[in-house]
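A.B. asks: Numbering-wise (this note's numbering), the sequence shown opens with residue 734 and increments by one. Ideal Cβ positions, reconstructed from N, Cα and C, are used throughout, including at glycine. Right, I'll just put the structure down here and ask away after.
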Amino acid sequence: MSNWTPEDRGSAPMDAEVVELALLLPRWQAMALESAARKRNMTTGQMLRRLLGEMLTGPQPNNG
């Protein structure tokens, strides 16, 4: 895995290296996610990648 950190979010690596993650969700959340993705003509995986990307590259909350 790379040494990329959230502080590098403006220059996220765009290479072929991927990591598979297992995700356990309540059934209602999985169904809602699938429905939201379908409404956007996306797969559930595409939707999750977009959500994670936006969260990691968006403004960071000030916890101080």
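Taking the CB atoms as reference points, tell me whether L781 and L757 lie closer together than 9 Å.
C.D. replies: No, they are not a contact pair.
A.B. asks: In whole angstroms, what is the alpha-carbon distance linking Q793 and R783?
C.D. replies: Approximately 17 Å between the Cα atoms of the pair.
A.B. asks: Give the straight-line distance between the Cα atoms of P775 and V752, rounded to the nearest whole angstrom.
C.D. replies: Reading off the sequence, residue 775 comes out as Met, not Pro. In a straight line, the C-alpha of M775 is about 20 Å away from that of V752.
A.B. asks: Thinking A770 and Q779 are a contact (beta carbons under 8 Å), I'd like their distance in whole angstroms, please.
C.D. replies: Contact flag correct, Cβ pair sits at about 7 Å.
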